[in-house]
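Visitor: Take any residue in the sequence shown, count from 1 to its spot, add 238: that is its number in the numbering used here.
Virtual Cβ for every residue (Gly too), placed ideally from N, Cα, C.
The following block contains the structure, expressed as structure tokens.
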Amino acid sequence: MQRNRDSLSIISSVAKKELSLFFSSPIAYIFLASFATATLFIFFWVESFFARNISDVRPLFEWMPLLLLLLSSALTMKMWSEERKNGGLEFVLTRAVPIWNFVLGKFLACLFLLFVALAITLPLPLTVALLGELDWGPVWSGYVATLFLGASYLSIGLYVSAKSDNQIVSLISACALCGLFYLVGTPLITDLFGNQVGDSLRLVGTGSRFESITRGVIDIRDFYYYFSLIVSFLALNVYAVEKER
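Printed below as a string of structure tokens:
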């Protein structure tokens, strides 16, 4: 019982430290503002919201995987890479504390930042609702799908960051790996193969499951898939750091 309390205390401390470092820099606010601006630009300008004359926010979620890919990779690129450069990793490795406490703390900090970034976009559907009758079902399912996809990207990004001491390399590698996981399950790739191979790829890729949830199709297998993907990459993150001991 005491060990569990100690673990929770360490996880909380790590998460608070990462959040404090993030919000202590003006770049953090520029970063969040840029994400919100990009979201608004894509929705109102690229997707020509007013020209379509339809109260619908689904086009936003069609672009969200790309925005999430960049956001999650940028959030995680320095989580472990920076620790290597400033000697923080040595401190982590020499403490008699399970590595997963640090990994989970960093993940929760990134997840909170993702939640904040998504919360900033909420005025968009509220504005659309004021302009016309909005079906909130696809909105909430879209945000749920976005949160799970984003959490998966974060776990991948943290693992990639643990493998490199260069933030730019971490950013590019995380973008590539997250993009690969997404594209594998989309028609762009699955249509190149037969039905059996295509169905297998849809099961592996994050794209098909994201699209399924945004359509309002609630299948527990999709959530189990995301949960398994997150746990797998967090476990790989723990293993990658443990190897440094």
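Give the range of the alpha helix (DSSP H) segment to which PRO361 is assigned.
Guide: It spans 361-369 - the alpha helix (DSSP H) in which PRO361 sits, taken as one unbroken run.
Visitor: Using CA atoms only, rank isn't needed, just tell me which of ARG459, LEU246 and ILE358 is closest to ALA271.
Guide: ILE358
Visitor: From LEU430 to SER450, what distance separates their C-alpha atoms?
Guide: 20 Å
Visitor: How about LEU352 and GLY375: are their beta carbons less than 7 Å apart?
Guide: no
Visitor: How close, in whole Å, do the beta carbons of TYR477 and SER390 come, if the pair is a contact with beta carbons under 8 Å?
Guide: That belief does not hold up - the Cβ atoms of TYR477 and SER390 are roughly 18 Å apart, past 8 Å.
Visitor: Which stretch, first to last residue, makes up the alpha helix (DSSP H) that contains GLY432?
Guide: No alpha helix (DSSP H) holds GLY432; DSSP gives it neither H nor E.
Visitor: Taking the Cβ atom as the reference point for each residue, do ALA347 and LEU257 lie within a distance shorter than 7 Å?
Guide: yes
Visitor: Scan the stretch 319-362 and note each continuous alpha helix (DSSP H) run of 4 residues or more that stays entirely inside, going in chain order.
Guide: With a minimum length of 4 residues, the continuous alpha helix (DSSP H) runs that stay inside the stretch 319-362 are 319-324, 326-332 and 337-358.
Visitor: Do three or more CB pairs link the stretch 389-404 to the stretch 464-474 at distances below 8 Å?
Guide: These segments touch.
Visitor: Near PHE340, which residues of its chain fall below 6 Å by C-beta distance, leaving aside the five closest residues on each side in sequence?
Guide: VAL252 and VAL330
Visitor: Quick check on this structure: which residue in VAL295, ASP244 and VAL469 has the alpha carbon closest to the alpha carbon of LEU372?
Guide: VAL295
Visitor: LEU392 and THR277 - do their beta-carbons sit closer together than 7 Å?
Guide: No, they are not a contact pair.
Visitor: Going along the chain, which residues of its own chain have a beta-carbon closer than 7 Å to the beta-carbon of LEU349, five neighbours each way excluded?
Guide: Result list for LEU349: ALA389 and LEU392, in chain order.
Visitor: Going residue by residue through the stretch 403-471, where are the continuous alpha helix (DSSP H) segments of at least 4 residues, counting only ones entirely within it?
Guide: 405-422, 425-428, 433-442 and 444-452
Visitor: Roughly how many angstroms separate the alpha carbons of GLY325 and ILE268, rounded to a whole number?
Guide: 27 Å
Visitor: Report all residues from its chain with a CB closer than 6 Å to the CB of PRO217; omit the five preceding and five following residues, and keep chain order.
Guide: Outside the modelled stretch of the chain, which goes from 239 to 483, sits residue 217, for which no answer is possible.
Visitor: In this structure, how does DSSP classify LEU372 when only helix, strand and coil are distinguished?
Guide: coil
Visitor: Rounded C-beta distance between GLY423 and ARG447? I'm assuming under 8 Å.
Guide: 7 Å
Visitor: Does the beta-carbon of LYS344 have 16 or more other beta-carbons within 10 angstroms, so that it is buried, or is it exposed?
Guide: Around the beta-carbon of LYS344, 16 or more other beta-carbon atoms lie within 10 Å, marking it buried.
Visitor: Span of the alpha helix (DSSP H) holding SER272?
Guide: 264-279
Visitor: Out of LEU441, PRO425 and LEU309, state which residue places its alpha-carbon closest to the alpha-carbon of ALA266.
Guide: LEU309
Visitor: Pick helix, strand or coil for VAL284, following the three-state DSSP scheme.
Guide: helix
Visitor: Can you look up ASP244 in the DSSP assignment and give me helix, strand or coil?
Guide: helix
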